[in-house]
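Student: Have a look at the structure that comes next, please.
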Amino acid sequence: MLGLDLPHGRLKSVVDPLERGNFKKALTEINKILKKTPTYAAARVLKALVLLKSGRPSEAAVLAEDVIRACPTDESTLSTILCYFRETGQSAREREYLKAALEKCPNREDLLICLFLNQVQAEDFSAQQKTARLLSQQFSSRMYIYWMIVSTLMQADDNPDLGTRMFLPLAEKMLLREAIANKMEKHMEFQLLLDVLDRLGKHKDALDFLDRKELIDRLDESDYRCDYSDKCLKLCASLDLWERAFKLAESKLFQSPNHWNAWKCLLDMTVDCDSHELSSTRLTRLYSLMVDLIRDHPKVRGPQLARLDLLASLTKRGQRLPSDTNAAQCLSLYLDTFASKPVCAFDVAYLIPTCLPEVVERTDFLKAVVDEVEKVNITFPGDSKQIYRHLCVYQIARASSHNIPLDQLIRTYLAYAPGRKSIVDFTQKLGDDHANPGAVDLCPADGFLLLALSSLVEQTHTMYSSCDSFGSALLAAYWTQYLGISHASNNHHFRLRLCSLFSPHCLACPDLSLSQTNRLQIKQLLYVSLGYFLVSPAPMLTLWAGSTPSGPLPDNNTPVLGLYQRLHVLSGSTVSEAEEGILAAYRRSAYTRVREFTQFAKRLRHADVFLTARLELMYWQVAVMPDDFDSVLECLSDAVKELDLVLL
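In terms of this note's numbering, the sequence shown opens at residue 485 and continues consecutively.
Structure (structure tokens):
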């Protein structure tokens, strides 16, 4: 979407086909309009946009620049010119144009708003604060006051030293003035004050504001009903107000035993307590609450997971566990109850080494749960609950270095997917043309294949020195690839993982990946990757991410470059969406989200996780895996060829 806001209806016949991608029809319609009114400035710039989208940038630039030189300020022309600047990536020129337009029309509210939003995108926090101040002084909307306050807060992030001494106290002063004068009308405005007080370490002041019932009631009436119990719990924990925190958390947990914020607050206040006597009293009350809720809600994860978390924390600190408590029994109960849930392995995999620190005890526990699950007959291969239970046990065993043999993983996989026991005829396999583009999730049984992939990755370091290891890995790779991909050709996540594994030089298997990027939900992948793999790019990464093709790509030996450039374009569109989220937060008065969205957009601009992962794999292949210098040279020469292609 171009985001054109044109008040005149006669240009709608051009905008509609233009936004739908029908550039030929859009050009026909705009030529009709210009034939009647050849000097119509908005129509001329709109034609430049059509030409730009049609792949004729030179003609578009000549037409647009002719109008831009006159610096028209009417609403329609301004909207099309700003859109032209955005589409051509000329943010700085957009800003200068708006400043020139404001010199001609200094009291135009719409021009000031456009300038402010442009400065937001440029992350020029000082300039946007000045623009917001002008808006608040000239126009009566209270939104502009908060734009100014948020702009002040953003400068605190940009300069932490000045932030603590000047920007945060200044924002606090402005917000306190609003609160004391009863001018706050929305919960977002009040939450902004709470966030500032929290950042300044004034937790008691923030809690005092939350205790002002008349203020909360007035905001509930004018805006919507808002529950501040989680915020209260956090502040009570910061102030070590145990009694108040326990009563509040207890009431929340009786309503919802899965309320993890309440559990976390009580766990932190119990385990981190400095006084042994206080800690013992708190532990007794907390553990009693856990036991009661586990008894009353045996199928709810929250109380049992909180108990495991508590036992792990106490064990890690060398403190005594509550009487009659056995960590292994608690873990077994949790697995028996929740192993059929896909999330169970992630719940307990990394608690096991902490709850069972002794190697012998941990090994016995893992051996017992593995033996138990392998005794179960697979009566219904497609039963997802049974698959997840079996997979969960293998996952937690592997996370605790209790490895499952590759052949056992493959046999278990085939037992749950008996239809994949025979190698498919490649001439008749399900092709990409018939694949469901929406099917990107892993099938339950594919989890065993992913465990096999992990095992293969761990074994690769011995390939150069052990023929048996190489043969075993090659055989497992063969079965994993053909049994996985051939029968699930629309499973893009799985295919991309295989690309990384089977790439001979870690950058040389993009052909398979390249064909997948058209249908991949790139935004989903980038967002998920950010959660697990926050990157700090090296200069080489920045150079690659910024490379753009100067002409059509040659057909030979450039799939890597094509893959990177396509991923860069797709991730660039994701960055644009994130930046739009910042603007929307200002427009919709979601002030507490501005900082979060801005930090996210900054991270996303450098989060080409595919590139980063491949660079790390290449480093591993070149600098870590080889056993001798000659092997290093052989790998390095192939890697340099790939890099030369990328940097052309």
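Glycine residues also receive a C-beta, built at the ideal position from the N, C-alpha and C atoms.
(1) Applying the 10 Å Cβ sphere with the 16-neighbour rule, what's the burial state of ARG779?
(2) Return helix, strand or coil for GLN622, following the three-state DSSP convention.
(3) Would you kindly work out how many angstroms separate the C-alpha atoms of GLY539 and ARG570, rounded to a whole number?
(4) Could you tell me which of TYR628, CYS598 and VAL634 sits nearest to PHE609, measuring between CA atoms?
(5) Looking only at its own chain, which residues have a Cβ that is under 8 Å from the Cβ of LYS851, when we skip the five neighbours before and after it?
(6) Nearest to ARG1150 by CA position, among VAL498, ASN506, SER884 and LEU875, is which residue?
(7) Consult DSSP for ALA929 and reduce its assignment to one of helix, strand or coil.
(8) Report all residues from its chain with a CB closer than 8 Å to the CB of ALA585; omit the five preceding and five following residues, and keep chain order.
(9) The alpha helix (DSSP H) with GLU571 in it runs from where to where?
(10) What is the DSSP secondary structure of LYS859, counted as helix, strand or coil?
(11) Between CYS839 and THR799, how many whole angstroms is the CB-CB distance? I'm expecting something under 8 Å.
(12) Please state if the CB of MET774 and the CB of ARG766 are separated by a distance shorter than 8 Å.
(13) If you compare alpha carbons, which of SER560, LEU530, CYS598 and LEU495 is closest to LEU1067?
(14) For LYS509, collect the residues of the same chain with a Cβ closer than 6 Å to its Cβ; drop the 5 residues on either side in sequence, then sort them by chain order.
(15) Tell me whether GLU580 is buried or exposed, calling it buried when 16 or more other Cβ atoms sit within 10 Å of its Cβ.
(16) The alpha helix (DSSP H) that contains MET672, what's its start and end?
(17) If I'm right that SER620 touches MET638 with Cβ under 8 Å, what's the distance once you round it to whole angstroms?
(18) Just how far apart, CA to CA, sit LYS1086 and LYS520?
(19) Assuming TYR708 and HIS671 make a contact with CB atoms under 8 Å, what is their CB distance in whole Å?
(20) Taking only heavy atoms of the ligand GDP into account, decide whether any of them is closer than 7 Å to the Cβ of ARG649.
(21) Can you have a look at GLY647 and say buried or exposed, based on whether 16 or more other CB atoms are within 10 angstroms of its CB?
(22) Do THR1076 and ASP831 have their C-beta atoms within less than 8 Å of each other?
(23) Pull up the CB-CB distance for LEU789 and LEU805, whole angstroms please, since I reckon it's below 8 Å.
(24) Under DSSP, the alpha helix (DSSP H) around LEU725 begins and ends at which residues?
(25) Which residue marks the beginning of the alpha helix (DSSP H) containing GLU842, and which one marks its end?
(26) Using only the alpha-carbon positions, how far apart do ILE514 and ALA527 sit?
(27) The alpha helix (DSSP H) spanning GLY786 covers which residue range?
(28) In terms of alpha-carbon separation, which member of VAL498, LEU582 and GLY931 lies closest to ARG553?
(29) Could you give the distance in angstroms between the alpha-carbon of TRP495 and the alpha-carbon of LEU660?
(30) Classify ILE862: buried if its beta carbon has 16 or more other beta carbons within 10 angstroms, exposed otherwise.
(31) Please classify THR809: does DSSP put it in a helix, a strand, or coil?
(32) Any idea if ILE871 is buried or exposed, counting beta-carbon neighbours within 10 angstroms, 16 or more meaning buried?
(33) Using three-state DSSP, classify MET668 as helix, strand or coil.
(34) Where does TRP879 fall in DSSP's three states?
(35) Check GLN574 in the structure and name its three-state DSSP category.
Tutor: Answer, in terms of the structure:
(1) Here the question's residue 779 lines up with position 295 in the sequence shown. For ARG779, the number of other beta carbons within 10 angstroms of its own is below 16, and it is reported as exposed.
(2) Sequence index remark: in the sequence shown, residue 622 carries index 138 (1-based). The answer is helix: DSSP assigns GLN622 an H, G or I state.
(3) Here residue 539 refers to the residue found at position 55 of the sequence shown. Here residue 570 refers to the residue found at position 86 of the sequence shown. In this structure, the straight-line span from the alpha carbon of GLY539 to that of ARG570 is close to 16 Å.
(4) To locate residue 609, count along the sequence shown from 1; it is residue 125. For the set TYR628, CYS598 and VAL634, the Cα lying nearest the Cα of PHE609 is the one of VAL634.
(5) Taking the first residue of the sequence shown as position 1, residue 851 is located at position 367. The residues are HIS886.
(6) No information on residue 1150 is available, as it lies outside the stretch 485 to 1132 that the chain covers here.
(7) What you label residue 929 is simply residue 445 of the sequence shown in a count that begins at 1. DSSP, read as helix, strand or coil, puts ALA929 in coil.
(8) Within the sequence shown, numbered from 1, the residue matching residue 585 stands at position 101. The answer, listed in chain order, is CYS555, THR557, LEU562, ARG592 and LEU595.
(9) Within the sequence shown, numbered from 1, the residue matching residue 571 stands at position 87. Where GLU571 is concerned, the enclosing alpha helix (DSSP H) stretches over 559 to 571.
(10) On the sequence shown, position 375 is the one that residue 859 refers to. In the structure shown, the three-state DSSP call for LYS859 is coil.
(11) As a working mapping, residue 839 is identified with position 355 in the sequence shown. As a working mapping, residue 799 is identified with position 315 in the sequence shown. At roughly 6 Å, the Cβ-Cβ gap stays under 8 Å, so CYS839 and THR799 are in contact.
(12) For the purposes of this step, residue 766 is taken as the residue at position 282 of the sequence shown. For the purposes of this step, residue 774 is taken as the residue at position 290 of the sequence shown. Between ARG766 and MET774, the gap from beta carbon to beta carbon reaches 8 Å or more.
(13) Here the question's residue 1067 lines up with position 583 in the sequence shown. Cα-wise, what sits closest to LEU1067 is CYS598.
(14) For the purposes of this step, residue 509 is taken as the residue at position 25 of the sequence shown. Correct list, in chain order: PRO501.
(15) Against the sequence shown, residue 580 aligns to sequence position 96. GLU580 sits exposed, since fewer than 16 C-beta atoms from the chains shown fall within 10 Å of its C-beta.
(16) Translated into positions along the sequence shown, residue 672 becomes position 188. Per DSSP, MET672 is one residue of the alpha helix (DSSP H) stretching across 671 to 683.
(17) Residue 620 sits at position 136 when you count from the first residue of the sequence shown. Residue 638 sits at position 154 when you count from the first residue of the sequence shown. The beta-carbon distance between SER620 and MET638, rounded to whole angstroms, is 16 Å. This is too long to meet the 8 Å contact definition.
(18) Counting from one through the sequence shown, the residue named residue 1086 turns up at place 602. Counting from one through the sequence shown, the residue named residue 520 turns up at place 36. Take the alpha-carbon of LYS1086 and the one of LYS520: they are about 47 Å apart.
(19) By one-based count along the sequence shown, residue 708 stands at place 224. By one-based count along the sequence shown, residue 671 stands at place 187. Contact holds; Cβ gap of about 7 Å.
(20) No copy of the ligand GDP appears in this structure; indeed no ligand is present at all.
(21) As a working note, residue 647 is residue 163 in the sequence shown. Burial check for GLY647: the Cβ neighbour count within 10 Å reaches 16 or more, so the residue is buried.
(22) If you number the sequence shown from 1, residue 1076 lands on position 592. If you number the sequence shown from 1, residue 831 lands on position 347. Not a contact, by the Cβ cut-off of 8 Å.
(23) Numbered from its first residue, the sequence shown carries residue 789 at position 305. Numbered from its first residue, the sequence shown carries residue 805 at position 321. Contact between LEU789 and LEU805 fails: their C-beta atoms lie close to 17 Å from each other, not under 8 Å.
(24) By 1-based counting over the sequence shown, the position of residue 725 is 241. Premise fails: LEU725 is in no alpha helix (DSSP H) and is neither H nor E.
(25) Locating residue 842 in the sequence shown gives position 358, where the first residue counts as 1. Premise fails: GLU842 is in no alpha helix (DSSP H) and is neither H nor E.
(26) Stepping through the sequence shown from its first residue, residue 514 is reached at position 30. Stepping through the sequence shown from its first residue, residue 527 is reached at position 43. Going by the C-alpha atoms only, they are around 7 Å apart.
(27) Along the sequence shown, one-based indexing puts residue 786 at 302. GLY786: member of the alpha helix (DSSP H) spanning 785 to 800, first to last residue.
(28) The sequence position of residue 553 within the sequence shown is 69, counting from 1. With distances taken between CA atoms, ARG553 lies nearest to LEU582 out of VAL498, LEU582 and GLY931.
(29) Within the sequence shown, residue 495 is the residue found at index 11, counting from 1. Within the sequence shown, residue 660 is the residue found at index 176, counting from 1. Reading the sequence as shown, one finds Leu at residue 495 and not Trp. Rounded to the nearest whole angstrom, the CA to CA distance from LEU495 to LEU660 is 48 Å.
(30) What you label residue 862 is simply residue 378 of the sequence shown in a count that begins at 1. Exposed.
(31) Residue numbering aside, residue 809 sits at position 325 when the sequence shown is read from its first letter. Looking at THR809 - three-state DSSP - the assignment turns out to be coil, as it is neither helix nor strand.
(32) Within the sequence shown, the letter at position 387 stands for residue 871. Residue environment for ILE871: buried (at least 16 other C-beta atoms within 10 angstroms of its C-beta).
(33) Numbered from 1 along the sequence shown, position 184 holds the residue referred to as residue 668. MET668: coil per DSSP, three-state reduction.
(34) Within the sequence shown, residue 879 is the residue found at index 395, counting from 1. According to the sequence provided, residue 879 is Gln. The question's Trp does not apply to it. In this structure, GLN879 counts as helix in the three-state DSSP scheme.
(35) Sequence index remark: in the sequence shown, residue 574 carries index 90 (1-based). Three-state result, GLN574: coil.
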